[in-house]
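So the structure is just underneath, and the comments pick up after that.
In the working numbering, the protein residues as written are 19 to 177.
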């Protein structure tokens with residue numbers, strides 16, 4: 019699987035500007051809208067391939083499944099499908115990894131804007147994801163989840 023970001027120098031200002039605009043646009047919407055955006059990514063064949071790959075198992079091996087609800091609007095329907103059940107633990111681990119790095123970042127960057135937070139989270143995810151870099155297919159989900167965490171507020175999310 020192709021990687022987009024393996025190091026800080028690959029996370030260019032152009033990429034950060036683009037991703038920050040995406041994150042800011044998402045964060046201005048309702049939580050339900052952000053959930054629907056993430057739901058869409060769950061049906062992306064490349065995202066599914068990533069979650070079902072051995073590489074994703076290695077990337078996410080150090081993380082426990084997030085125990086909270088998925089909070090996806092159609093999660094109950096998907097939970098009964100066998101294919102989704104296979105991906106669910108990895109999806110929860112991916113969310114847990116993003117949330118952990120996000121919380122570590124906001125503890126340090128109290129005054130950071132969305133650009134700084136997104137860049138720091140992406141940098142923090144590189145080693146977390148096994149040092150193999152961040153696959154392009156993960157970006158929409160990562161940015162949407164960061165937007166959702168920001169919308170819910172760092173104090174509430176990271177408590």
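Quick reminder that beta carbons are idealized off the backbone N, C-alpha and C, glycines included.
Would you report the Cα separation of residue 140 and residue 155, rounded to the nearest angstrom?
As a first step, residue 140 must be located in the chain shown, where it is residue number 122. As a first step, residue 155 must be located in the chain shown, where it is residue number 137. Straight-line Cα distance between these residues: approximately 14 Å.
What span of residues does the alpha helix (DSSP H) with residue 68 cover, start to end?
Here residue 68 refers to the residue found at position 50 of the chain shown. Residues 63-70.
Pick helix, strand or coil for residue 132, following the three-state DSSP scheme.
Start at 1 with the first residue of the chain shown, and residue 132 comes out as number 114. Reduced to three states, the DSSP call for residue 132 is helix.
For residue 29, name the three-state secondary structure that DSSP assigns.
As a working note, residue 29 is residue 11 in the chain shown. Three-state result, residue 29: coil.
Could you tell me if residue 59 is buried or exposed, where buried requires 16 or more neighbouring beta carbons within 10 angstroms of its beta carbon?
What you label residue 59 is simply residue 41 of the chain shown in a count that begins at 1. Result: buried.
Same chain only: Cβ atoms within 8 Å of residue 130, ignoring 5 sequence neighbours per side:
To locate residue 130, count along the chain shown from 1; it is residue 112. Answer for residue 130: 123, 124 and 138, listed in chain order.
Limits of the unbroken alpha helix (DSSP H) element including residue 46:
By 1-based counting over the chain shown, the position of residue 46 is 28. No alpha helix (DSSP H) contains residue 46, which DSSP labels as neither H nor E.
Looking at residue 165 and residue 45, is the spacing between their C-beta atoms short of 8 Å?
Position 27 of the chain shown, counted from the start, is the residue given in the question as residue 45. Position 147 of the chain shown, counted from the start, is the residue given in the question as residue 165. For residue 45 and residue 165, yes; Cβs fall inside 8 Å.
Nearest-angstrom Cα distance between residue 30 and residue 160?
Position 12 of the chain shown holds residue 30. Position 142 of the chain shown holds residue 160. Spanning the two alpha carbons is a distance of roughly 17 Å.
Rounding to the nearest angstrom, what Cα-Cα distance links residue 11 and residue 42 in this structure?
Outside the displayed span of the chain (19 to 177) sits residue 11, for which this structure offers no information.
So, for residue 134: in the same chain, excluding its five sequence neighbours on each side, which residues have a beta-carbon less than 7 Å away from its beta-carbon?
Your numbering for residue 134 matches position 116 in the chain shown. Only 127 meet the Cβ criterion.
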